[in-house]
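Working notes, beginning with the structure itself.
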Amino acid sequence: MGDCKYCGQPAGFLRQQHRECAEKYQQGWQQMLYLAEQAARGQGDVKSLRSRLSSIASNSFIPDEQVAEAIINGWEQAVNHFIEDGSLSREEENHLTQFAAHFNLTQNDLDRRGVYAQFVKGAVLREVMEGNISQRVQINTALPFNFQKSETLIWVFDRVDYYEDKTRRKYVGGSSGFSFRIAKGIYFRTGGFKGHPVETTERVHMGTGIMAVTNKHIYFTSSQKTFRVRLDKIVSFMPYSDGVGIQRDAASAKPQFFITGDGWFTYNLLVNVGNVG
Numbered sequence: 003m004g005d006c007k008y009c010g011q012p013a014g015f016l017r018q019q020h021r022e023c024a025e026k027y028q029q030g031w032q033q034m035l036y037l038a039e040q041a042a043r044g045q046g047d048v049k050s051l052r053s054r055l056s057s058i059a060s061n062s063f064i065p066d067e068q069v070a071e072a073i074i075n076g077w078e079q080a081v082n083h084f085i086e087d088g089s090l091s092r093e094e095e096n097h098l099t100q101f102a103a104h105f106n107l108t109q110n111d112l113d114r115r116g117v118y119a120q121f122v123k124g125a126v127l128r129e130v131m132e133g134n135i136s137q138r139v140q141i142n143t144a145l146p147f148n149f150q151k152s153e154t155l156i157w158v159f160d161r162v163d164y165y166e167d168k169t170r171r172k173y174v175g176g177s178s179g180f181s182f183r184i185a186k187g188i189y190f191r192t193g194g195f196k197g198h199p200v201e202t203t204e205r206v207h208m209g210t211g212i213m214a215v216t217n218k219h220i221y222f223t224s225s226q227k228t229f230r231v232r233l234d235k236i237v238s239f240m241p242y243s244d245g246v247g248i249q250r251d252a253a254s255a256k257p258q259f260f261i262t263g264d265g266w267f268t269y270n271l272l273v274n275v276g277n278v279g
């Protein structure tokens, strides 16, 4: 005979919960998340939120320590709602910032699932699209780049895989020639030929490293390769789900690819910074 994990009363043979208790728990939890999200979006009373959540928790078999988790989850859901359209307005940013400050939520609290990073990315994109180039990213270590005096660091990507398209040429249908006997000890050798050339393009991994974006350049460094590309010398950007490709304005330039893990943000950042520049 097992006890219900929610109410603590006997639940029956080989059972761990009452269906009614489980439903009450789930309904209470969803209500807590809804109220927290509404408050984070500026559509609910922040000051009374904690007491309301505690009241729901006590009546829904929810431990009181989960109130803090509901507050964090509500903030995360509000961020996801706001950035569905691709940007974060200043008013939306203020709602989220004030909510986090009221409950003393730290960056570590808010970025356990990567949502705080998405929040900052949304704010960065808004400012770039408004023509306001500012440095939001905080760097705790020196970067291996020699930035110019007129440059503003906008974003840094870590563990970026860099690829280049390489053209390979091989010859097919060729022959090395052959010899045939004319007389004893005398042979005639025909000439060989290479055949016709066939070119193939393959994408080659050139290194994994750090990529920095400023208002003037893309910088990249790895143990194998280090370079920078002027944004005003890029003629096209190619969006991918996990990164971006660029084509420089040069006759011999081959496409270059940066796999950052967030293709949507990388593409929109580079396109809009390039337009501002």
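Here our numbering is used: the first residue of the sequence shown is 3, the next is one more, and so on. Just so you know, even glycine gets a beta-carbon here, dropped at the ideal spot from N, CA and C.
- Here residue 13 carries a strand assignment [DSSP, helix/strand/coil].
- Within the region 213-272, the complete beta strand (DSSP E) segments at least 3 residues long are 219-224, 228-232, 236-241, 245-250 and 258-261, listed from N- to C-terminus.
- The bridge partners DSSP lists for residue 166 are 206 and 258.
- In this structure, the straight-line span from the alpha carbon of residue 63 to that of residue 57 is close to 11 Å.
- Listed in chain order, the non-local C-beta contacts of residue 120 below 7 Å within the same chain comprise 81 and 85, local neighbours out to five positions each way being set aside.
- Secondary structure of residue 156 (DSSP, three-state): strand.
- Judged by pairs of C-beta atoms under 8 Å, the region 145-157 touches the region 205-219, as three or more such pairs exist.
- Listed in chain order, the non-local C-beta contacts of residue 20 below 8 Å within the same chain comprise 6, 8, 9, 11 and 13, local neighbours out to five positions each way being set aside.
- Around residue 170, the same chain offers 202 as residues with beta carbons nearer than 6 Å, after the five sequence neighbours per side are excluded.
- Shown here for residue 78: same chain residues with a beta carbon closer than 6 Å to its own, the five before and five after excluded, namely 117 in chain order.
- Distance from the CA of residue 89 to the CA of residue 260, rounded to the nearest whole angstrom, comes to 22 Å.
- For residue 97, the enclosing alpha helix (DSSP H) starts and ends at 92-104.
- With fewer than 16 other beta carbons inside 10 angstroms of its own, residue 160 counts as exposed.
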